[in-house]
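Beneath this line is the structure, given in structure tokens, with notes to follow.
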Amino acid sequence: MKELFGKKIRIAGFTMQVFDLCLMVVFTLMALAVRYVLRHVVTEDYTMFFEPWVDTLRQAGGGIKGLAAEFEYVDYTTPYLTVLSFISICPFLNTLLLIKIFSILFDFVAAFAVFALIYEVTEGKSTYAVIGYGMLLLSPTVFTNSAMWAQCDIIFTSFVLWSIYLILKDRPLGAMILYGCAFAIKLQTLFLAPFYVILWMKGKLKLKHFLCLPAMYCVGMIPALLAGESVKELLGIYVLQANGKVDIYALSHKFPNIYQLFGTDTFLIEYADAGIYVTLAALMVEMFVFARAKYELDRKLFFRMAMLMTMTVVFFLPHMHERYAILVDIFAIIYLFLEPDKLYIPVLTITASFGGYALYLSGGKILPIAIYTLIFLYLMLDHGRYCYRAIWKRPEKTYG
Amino acid sequence: MDEKFTAFLITEKKIGKLSIAPLDILLLAATLVFGFLLRGTVFTIYGPKEAGTSSIFGESIDVMKGVSTASDYLMAAAAGYLVSYISGKKLSGYITTAILFLQPATVASSAMWGMADGFYLTCVCLFLLMILQKKTALAGLFLGLGTLFNPYALFLLPILLYGIFKRRSGEKVLLSVAALCYVAGGKLIHLFLMGTKIPPFAYEAILNKGRALPLLSYNYPNAYYMIAEGSFVFEYRKVGMILTVFLAMLILMLMLHFSEKRETGEAYRARFILEMSLFCCILLPFICPGMNERAGLMAMVIAVCLAMCVPAYYDLAILCCILAFLPTAAFFREGSLWPLSYVALAYLAAFLILYRRIVSGGKLKGEGDA
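One line per chain: the protein sequences are A and B, in this order. Heads up, the first sequence is in this note's numbering, so the first residue is 1 and it goes up one at a time. Heads up, the second sequence is in this note's numbering, so the first residue is 401 and it goes up one at a time.
Right, here's the structure in full:
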């Protein structure tokens with residue numbers, strides 16, 4: 001029995017034991033069971049947005065034809081609308097289930113990305129990689145996002161994760177094509193853009209690779225262009241989002257960021273503009289330090305920096321939604337395998353992030369969200385301290 | 401004269417096979433007296449739900465309180481024996497017995513509530529003792545017995561599985577598997593007993609049925625108080641169960657991973673097993689749905705035992721004792737003074753501190769020898 005479980009097999013370039021494979025199957029079944037339980041949950045976002053959008057697409061004929069539909073309001077780009085349009089004419093299962101199934105597929109794409117990333121950073125420890133795979137699939141923010149809420153944040157996140165994997169494998173073009181795919185799906189991809197700039201400064205990427213972003217966005221527009229939509233309108237979707245015209249009624253949409261400390265409903269215009277400048281200023285300082293100093297960008301620093309920069313953006317930027325820290329949650333899971341004694345990083349990150357989800361789903365009967373903000377702030381300071389020490393070669397204080 | 405008397409008090413005398421000093425006897429006697437006095441003062445307090453159930457049980461509630469008190473003493477004695485076995489110091493064992501018998505959470509559970517949690521906690525202490533002695537089959541038997549009294553004992557299943565993985569070379573696998581099956585069977589027997597209305601189990605079953613609303617947690621400050629204990633009850637109950645099994649698997653893997661580094665001697669092995677038991681008792685009820693006010697009792701008992709063996713753990717022991725009592729207090733006053741969502745954060749902190757100490761590999765500040 002021991003021999004059988006210990007036998008090594010090679011699948012898609014990854015060497016793993018039969019035991020790891022069995023474990024992976026068990027985790028997959030558990031993840032599917034969780035999603036199956038949550039399949040009938042209907043949230044306000046579905047009834048207010050997704051359902052009417054799919055109806056509109058259906059009335060316009062569905063498929064590629066449906067993309068010519070006239071929406072009262074929509075802030076999704078062509079690739080995801082294309083998916084919704086095909087869902088609208090799908091002859092089996094209902095719309096809610098189909099939307100959820102599509103997101104759940106990407107839960108697994110992301111989980112395999114986490115598997116590959118952990119396998120890479122731990123230099124082939126397949127058991128760790130499988131545990132990371134399971135942790136991602138059973139992370140509350142991940143399964144709630146797709147299986148409960150029917151949201152699609154995991155789709156762009158999957159592309160970003162594979163992009164990071166290719167960066168670690170020194171394949172910058174492939175990495176930026178995938179990053180461009182993520183950008184074509186959701187604007188939130190840009191939360192990580194400052195980190196990519198640092199990677200460029202450190203020679204991991206070339207400037208020309210950044211052209212993949214507009215290029216992939218244009219590729220994503222093709223189905224809508226075939227349906228007869230105007231280029232100007234398609235290019236304007238992100239401008240509409242970036243101007244903050246859509247989410248203007250609150251400075252933070254239940255996301256535990258700085259606005260939760262002093263109120264999300266006052267000085268909406270002024271604080272929103274100020275928030276953008278504060279974000280840019282904070283990023284400027286971070287990027288200056290990370291770009292200017294001479295240091296070796298090792299794996300730990302890589303993920304700490306990625307988490308810090310993403311957290312800086314979502315902490316200061318106005319109009320953030322509950323789900324916008326999903327990338328940080330996943331980076332935190334990966335980081336655990338680089339420093340196993342730092343369990344508090346994924347636990348507190350996911351706790352703070354899930355605070356926003358809970359507030360949305362439960363109707364507000366939980367801890368004041370300011371507490372989650374303080375947890376989030378603590379984690380940012382912790383990442384900042386680590387980066388500072390790593391860059392200036394100051395030894396980390398050890399426990400005990 | 402004085403010197404002679406004090407020397408008499410602390411000099412151990414042989415009583416049969418037992419060697420004990422008069423002062424130790426005094427401590428144990430005083431523990432008994434104070435324990436009973438303490439319980440006597442709160443004996444007439446009844447929980448908010450008893451009004452309905454007293455008509456069913458009549459005076460048997462008071463009988464159950466008496467039986468529960470006796471079970472408390474059994475538990476305190478078993479925990480004391482466990483500590484003296486690990487630390488090799490009888491004195492630590494006596495102190496453990498006194499601390500646990502006089503714990504507010506224990507008193508509230510037995511004398512105010514009439515819950516016989518002492519029985520399953522006794523089994524848990526004996527289970528840990530058997531694991532330490534590498535008697536896996538007997539350990540499985542005690543865990544099964546514990547499960548029979550209260551399903552919360554099942555939170556220690558990863559420890560039993562670990563014991564099976566690390567069993568002595570001569571021990572038959574079949575015995576361990578049989579013991580494991582008994583654990584599963586224990587739950588069925590428990591259900592059977594509840595069905596036959598044998599107090600105190602039937603009493604507890606009726607109390608649970610009497611809960612006004614199906615909630616994800618009944619005053620036990622766990623993750624569900626951080627996400628609203630009354631929302632998506634049906635869905636989160638199932639999701640929570642799956643996550644609990646997932647975490648139990650991770651704990652077992654963590655134990656097997658760290659055991660290579662940590663099992664360098666008997667003392668460190670004992671400490672490691674106590675640490676991991678506490679880890680299970682804090683983490684699993686934190687995620688498991690449907691926990692009630694008394695779900696923190698097992699963590700309290702193990703935390704006290706750990707602190708008595710490894711003094712550096714005193715902070716976690718104090719925290720666990722306080723956290724074990726707060727939910728019970730919330731039940732009796734029909735509402736918690738401290739919002740339970742905040743208390744849940746304290747449990748989360750306790751879990752993270754404990755994890756940090758486990759992976760630090762046994763180097764704690766100000767720690768004495770285990």
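Quick reminder that beta carbons are idealized off the backbone N, C-alpha and C, glycines included.
Quick one: which chain A residues come within Cβ less than 9 Å of residue i?
i: B:S484; result: Result: empty, since nearest Cβ-Cβ is about 27 Å, beyond 9 Å.
i: B:K534; result: Under the 9 Å cutoff, chain A gives no residues; its nearest Cβ is about 20 Å from B:K534.
i: B:L650; result: I131, G134 and M135
i: B:E635; result: V37, L38, H40, V41 and M148
i: B:G632; result: Here residue 632 of chain B turns out to be Phe, not Gly, going by the sequence shown. Within chain A, the residues near B:F632 are L38, V41, M148, L361 and S362.
In three-state terms, what does DSSP make of residue i?
i: B:M700; result: helix
i: B:R694; result: helix
i: A:I326; result: helix
i: A:K232; result: helix
i: B:S617; result: strand
i: B:D769; result: Any reading at B:D769 needs caution, since the residue's pLDDT is 42, under 50, leaving its predicted position unreliable; the model's value is listed next. Note: B:D769 maps to coil in three-state DSSP.
i: A:S158; result: helix
i: A:S252; result: strand
i: A:H40; result: coil
i: A:H319; result: coil
i: A:K100; result: helix
i: B:G488; result: coil
i: B:Y714; result: helix
i: B:I642; result: helix
i: B:M515; result: coil
i: A:A227; result: coil
i: B:S760; result: coil
i: A:Q260; result: helix
i: B:W554; result: Residue identity check: residue 554 of chain B is Leu in the sequence provided, not Trp. Reduced to three states, the DSSP call for B:L554 is helix.
i: A:K300; result: helix
Pop quiz: residue i and residue j are said to be a contact at Cβ under 8 Å. What is the actual Cβ separation, rounded to whole angstroms?
i: B:F686; j: B:N619; result: About 14 Å; that fails the 8 Å criterion.
i: A:Y46; j: A:A215; result: Going by Cβ atoms, the distance from A:Y46 to A:A215 rounds to 33 Å, so no, they are not a contact pair.
i: A:Y357; j: A:T141; result: 6 Å
i: B:S617; j: B:P689; result: 7 Å
i: B:F672; j: B:S659; result: 7 Å
State the start and end residues of the unbroken beta strand (DSSP E) segment that holds residue i.
i: A:T15; result: F14 to Q17
i: B:K534; result: Careful: B:K534 lies outside any beta strand (DSSP E) and carries neither H nor E.
i: A:I11; result: K8 to I11
For the alpha helix (DSSP H) containing residue i, list its first residue and its last residue.
i: B:S419; result: Where B:S419 is concerned, there is no enclosing alpha helix (DSSP H), although the beta strand (DSSP E) it sits in stretches over L418 to I420.
i: A:I177; result: P172 to I185
i: B:K414; result: Taken as a continuous stretch (DSSP letters only), B:K414 belongs to no alpha helix (DSSP H), being part of the beta strand (DSSP E) at K413 to I415.
i: B:K404; result: D402 to I410
i: B:W738; result: Here B:W738 belongs to no alpha helix (DSSP H), and DSSP marks it neither H nor E.
i: A:P52; result: E51 to Q59
i: B:C680; result: E666 to I687
i: A:V142; result: P140 to F143
i: A:T77; result: Counting along the chain, A:T77 falls outside any alpha helix (DSSP H), and DSSP gives it neither H nor E.
i: A:H383; result: I369 to I391
i: B:P558; result: L557 to F565
i: A:A358; result: Y344 to S362
i: B:Q503; result: Element bounds for B:Q503: n/a, residue is neither H nor E.
i: A:K65; result: G63 to G66
i: A:T127; result: S126 to L137
Could you name the residues of chain B that residue i contacts, counting a contact when the two beta carbons are closer than 7 Å?
i: A:L343; result: L752 and Y755
i: A:V34; result: V639 and I642
i: A:V142; result: Within chain B, no residue comes near A:V142; the closest Cβ sits about 12 Å away, beyond 7 Å.
Taking C-beta pairs closer than 8 Å, name the residues in chain B that residue i reaches, listed in chain order.
i: A:T351; result: M626 and L748
i: A:M30; result: I642, V645 and F646
i: A:A358; result: M626, I627 and A628
Which residues in chain A have a C-beta closer than 7 Å to the C-beta of residue i? List them in chain order.
i: B:L643; result: L138
i: B:V759; result: P340 and D341
Which residues of chain A have a Cβ atom closer than 8 Å to the Cβ of residue i, listed in chain order?
i: B:S741; result: I366 and L367
i: B:E734; result: Ordered by position in chain A, no residue passes the 8 Å Cβ test against B:E734, which lies about 18 Å from the chain.
Can you pull the chain D neighbours of residue i, defined as C-beta to C-beta under 7 Å?
i: B:S471; result: As a matter of chain content, chain D is missing from the structure shown, whose protein chains are A and B.
In chain B, which residues lie less than 9 Å from residue i when you measure between Cβ atoms?
i: A:V347; result: L748, F751, L752 and Y755
(message) Three Cβ pairs or more, each shorter than 8 Å: is that satisfied between the region 355 to 363 of chain A and the region 178 to 189 of chain A?
(response) At 8 Å Cβ cutoff, the stretches do not touch.
(message) Counting beta carbon pairs with one atom in the region 709 to 725 of chain B and one in the region 744 to 761 of chain B, are three or more of them shorter than 8 Å?
(response) Three or more pairs of CB atoms, one per stretch, sit closer than 8 Å, so the region 744 to 761 of chain B contacts the region 709 to 725 of chain B.
(message) With three or more beta-carbon pairs closer than 8 Å as the criterion, would you say the region 110 to 120 of chain A touches the region 82 to 94 of chain A?
(response) With a cut-off of 8 Å on Cβ pairs, the region 110 to 120 of chain A is not in contact with the region 82 to 94 of chain A, counting fewer than three such pairs.
(message) Could you check whether the region 192 to 200 of chain A touches the region 285 to 303 of chain A, counting it as contact only if at least three pairs of C-beta atoms, one from each stretch, sit closer than 8 Å?
(response) Yes, the region 192 to 200 of chain A is in contact with the region 285 to 303 of chain A.
(message) Measuring CB atoms only, is the region 367 to 384 of chain A touching the region 254 to 261 of chain A, in the sense that at least three cross pairs come out at less than 8 Å?
(response) Because the criterion of three Cβ pairs below 8 Å is met, the region 367 to 384 of chain A and the region 254 to 261 of chain A touch.
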